[in-house]
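Undergrad: Going from the sequence shown to the working numbering is simple: count from 1 and add 87.
We put the beta carbon where it would ideally sit given N, CA and C, even for glycine.
A quick note: this is a predicted structure, and the numbers were derived from the prediction, not measured.
Pasting a structure below so you can have a look.
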Amino acid sequence: MSATMHLLRTDWFGLLVAFAVGAVALGLAQPSFLSTYNLYVMLTAFSLSILIALSQMVIVAIGQLNLSVGAIGGLAAITFAGVMEVWSVPIPVAILIGLLVGVAGGTLNGVVTHVTGLNAFVVTLATLAIFKGTNIGITEAQPFYEIPDAVKSFGNARFGFFPYLLFVSGAIGIAVWVFMRRSVLGRQLLAVGGNLNAAKLSGIPVGRVVVAAHVLSGMLAAVAGMLAVARLQLGQPTIGDDWLIISFAAPVIGGAVLAGGHVSVAGTVLGVAIIMLINNALVLLNVDPYAVQLVLGALILAAVALSRFREPA
């Protein structure tokens, strides 16, 4: 009985039930939902969105927000594509360079936030403009088309209706779960978000923890950006432009508290799944595309309300 009660109290169980009910209902209402092609398309979007949401989740864990997630991912994406096209850099080296872009972006966010004491919302709003401006300056708003065939093949490869991208995202998601639950630094992130003053008094190096969270966020965004290049088969300057809403909504729907101190990796992944399901349902049911944005806006409001409800009194 106690195990059942524990399961019911988890952040993710209710979301799993909601997703299962929604998927069954959509499958009955629109049989094309269960087609191999539709499942593949949805899982591909799901794969990228997991990383986008996790990138924001680690920042929410410390009680902050990162508005530059998409800009960092986009800059890493066009850097990854650009060095392969312009300088014929080998793929592994290009991946490393893309990751370094994410690390650099995250480090800038973390250091400026900690040193200046400014709200991360303000800092990352400024760096969003910096990173996006750098992106447009490098590309002149033109895509990089000369992507190696190996990258293109990987981006579209699948096992049944499971894209290879999903296996990458799944492995990273498991690693983030282990990091948040089992590592000292992961617990320190939650401690800083839960009670900053108590964390300082207990000897936690708050500055280093804040910077580490932003670095991890930048790396996850960079990986998402590079996988987007593989999926799109080009380095599109607009990669990352539409990431903000899902990066914010999914962790909060998944059980995160915006004030910090509590996040759920499994809940975040299921939050992404529910958003993907809603988007797919609206498309399959021929709902006006503008209504999709209305629904996402309503999800944001609901997510914020849920977060406020979860905050301790």
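1) Ends of the alpha helix (DSSP H) at residue 172?
2) Using a Cβ-Cβ cutoff of less than 6 angstroms, which residues in the same chain neighbour residue 345 once the five nearest sequence positions on both sides are dropped?
3) Is DSSP giving residue 248 helix, strand or coil here?
4) What residue from 119, 135, 122 has the CA that sits closest to residue 309's CA?
5) In chain order, what residues of the same chain lie with their CB nearer than 6 angstroms to the CB of residue 303, ignoring the 5 residues before and after it?
6) Apart from the five residues on each side of it in sequence, which residues of its chain come closer than 8 angstroms, Cβ to Cβ, to residue 276?
7) Pull up the distance between the alpha-carbon of residue 53 and that of residue 115, whole angstroms please.
8) What three-state label does DSSP hand residue 322 in the structure shown?
9) Taking 8 angstroms as the threshold (C-beta atoms), are residue 132 and residue 363 in contact?
10) List the endpoints of the continuous alpha helix (DSSP H) containing residue 211.
11) Pairs of beta-carbons, one from the stretch 351-366 and one from the stretch 189-202, closer than 8 angstroms: are there three or more?
12) Measure the alpha-carbon distance for residue 156 versus residue 208 and round it to whole angstroms.
13) At which residues does the alpha helix (DSSP H) containing residue 243 begin and terminate?
14) In terms of residues, what are the limits of the alpha helix (DSSP H) holding residue 338?
15) With a threshold of 6 angstroms on Cβ separation, who are the neighbours of residue 311 within its own chain once the five nearest residues in sequence on each side are excluded?
16) Does the pairing of the stretch 182-199 with the stretch 278-291 give three or more beta-carbon distances under 8 angstroms?
17) Just confirm the distance between the C-beta atoms of residue 129 and residue 367, as a whole number of angstroms; I'd bet it's less than 8 angstroms.
18) Can you have a look at residue 330 and say buried or exposed, based on whether 16 or more other CB atoms are within 10 angstroms of its CB?
19) Could you spell out the range, first to last residue, of the alpha helix (DSSP H) harbouring residue 278?
20) If I measure Cβ to Cβ from residue 169 and keep anything under 8 angstroms in the same chain, skipping five residues before and after, which residues do I get?
21) In the DSSP assignment, find the alpha helix (DSSP H) that holds residue 200 and state where it starts and stops.
TA: Checking against the coordinates, here is how it stands:
1) Bounds of the alpha helix (DSSP H) holding residue 172 are 156-174.
2) Within the same chain, residue 345 has close Cβ partners 394.
3) In this structure, residue 248 counts as coil in the three-state DSSP scheme.
4) Cα-wise, what sits closest to residue 309 is 135.
5) Leaving aside the five residues that flank residue 303 on each side, the residues in its chain whose CB is nearer than 6 angstroms to its CB run, in chain order, 145.
6) The residues are 145, 148, 149, 267, 296, 299, 300.
7) Residue 53 lies beyond the range of the chain shown here (88 to 400); nothing can be said about it.
8) DSSP places residue 322 in strand when its eight states are reduced to three.
9) Annotated as proximal: residue 363 and residue 132, with beta-carbon spacing under 8 angstroms.
10) Here the alpha helix (DSSP H) through residue 211 covers 207-226.
11) No contact exists between the stretch 351-366 and the stretch 189-202.
12) About 12 angstroms.
13) Where residue 243 is concerned, the enclosing alpha helix (DSSP H) stretches over 236-243.
14) Residues 331-340.
15) 135, 138, 139, 160, listed in sequence order.
16) Contact fails: fewer than three Cβ-Cβ distances are below 8 angstroms.
17) The distance from the Cβ of residue 129 to that of residue 367 is about 5 angstroms, consistent with a contact at the 8 angstroms cut-off.
18) Burial is judged here by how many other beta carbons sit within 10 angstroms of a residue's own beta carbon; residue 330 has at least 16 and is buried.
19) For residue 278, the enclosing alpha helix (DSSP H) starts and ends at 271-281.
20) Residues 225, 226, 231, 322 of the same chain have their beta carbon placed closer than 8 angstroms to that of residue 169, with the five preceding and five following residues left out of the count.
21) Counting along the chain, the unbroken alpha helix (DSSP H) around residue 200 starts and ends at 178-203.
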